[in-house]
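First up is the structure itself, then whatever we jot down about it.
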Amino acid sequence: MEQNRTTKTNRQPFTALHAAGLLLLLLTAAAIFFGVHPRYRILSYGILAVSALAAWKRNWMFRIIVAVELGFAAFLWTFPQAGYHIVSAIPLATVVLLLVFRFLGKPVKIAAATVCAIAALGLLMIEIPIVKTSLKPAEPGAKYVVVLGAAVYGEEPSITLSRRLDRAILYAEENPGAKLVMSGGQGEGEDISEAECMRRYASERGVAPDRILLEDRSTSTNENLTFSKAVIDADGGSGARVAIVSSGYHLYRAEQTAKKLGLNGFGVAGADGYPLYMVGMYLREALAVVKLWAFGA
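Just so we're aligned, residue 190 is where the sequence shown starts under the working numbering, counting upward by one.
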């Protein structure tokens with residue numbers, strides 16, 4: 190009597206859940222490839238190789254995804270900038286949701302899905318004005334250009350600050366009658382005030398000293414604009430049109446604060462940083478905007 194023989198395999202049928210898992214791995218690889226400095230792209234190739242293994246050994250996929258996402262979060266923490274640290278919450282949240290939907294009961298899954306949907310909708314409503322303001326083109330004709338401070342490392346500007354300054358200097362070149370107001374006090378780890386660092390940066394790039402005003406006491410956006418307004422008023426520019434230069438994610442809050450202070454201002458966005466860093470900063474800015482809406486500061 191002939192016996193049917195079956196070939197044993199450790200591979201499961203390819204399902205929609207497997208497809209979603211592979212998509213998650215590919216998105217993680219793309220985030221590293223396009224989102225940080227090109228020197229780290231080799232990591233994305235490693236994730237692609239792991240994705241191929243997950244597609245072949247589908248019963249390993251869950252463990253592979255958890256390992257990759259935890260590794261991704263740890264990788265983001267190797268950077269000193271807060272924006273990357275904030276983004277690390279995304280892969281960590283992904284791991285938590287994977288564990289919830291794999292091991293917990295239906296009521297918990299429904300509750301988790303509901304919370305995620307509400308959080309996503311709320312975040313979208315907050316981010317819409319932030320993103321919309323960041324995309325507005327700069328208006329010409331401002332008499333003053335207030336440059337909002339950012340981190341200084343010792344006496345050197347951070348990438349964020351140098352990009353704000355580059356945009357402010359370009360605006361000043363396009364509007365020869367405008368004066369630059371460098372706004373920022375001295376924080377932890379800074380050997381000089383942010384305003385002084387900005388003054389040096391602009392001077393080295395040919396901006397005349399008589400076009401630079403300093404505000405070197407502020408420690409927040411509200412103080413940046415409050416004290417800068419006082420500097421402008423003292424210079425005889427009360428009521429003048431003011432360009433406020435900052436990172437794109439920061440402009441909505443800056444414009445709203447300026448309006449509250451009676452400053453006739455509009456935002457001008459400096460160049461963005463690497464995409465993953467910017468995602469983190471837009472997420473952090475959402476919390477700052479909620480605070481602004483709730484408390485007006």
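C-beta: ideal position from N, C-alpha, C; glycine also.
- In the structure shown, the three-state DSSP call for A447 is helix.
- Secondary structure within the region 313 to 395: the alpha helix (DSSP H) runs of 4 or more consecutive residues, fully enclosed, are 348 to 363 and 383 to 393 (chain order).
- With respect to the 8 Å criterion, V431 and Y333 are classified as neighbours on the basis of their beta carbons.
- The beta carbon of A486 is closer than 7 Å to those of N411 in its chain, skipping five residues each way along the sequence.
- Taking 8 Å as the cut-off, the beta carbon of L213 is found closer than this to the beta carbon of I254.
- Residue state for S435 is assigned as strand, using DSSP reduced to three classes.
- If you look at V478, you'll find it in the alpha helix (DSSP H) that goes P464 to F484.
- Nearest neighbour of M371 by Cα position, chosen from E363, T408 and E377, turns out to be T408.
- Straight-line spacing of the CA atoms in R352 and F416 works out to 22 Å.
- In the structure shown, the three-state DSSP call for F455 is strand.
- Of all alpha-carbon atoms in L324, C386, G210 and K368, the one lying nearest the alpha-carbon of V284 is that of G210.
- E344 is positioned such that its CB atom lies no closer than 8 Å to that of I401.
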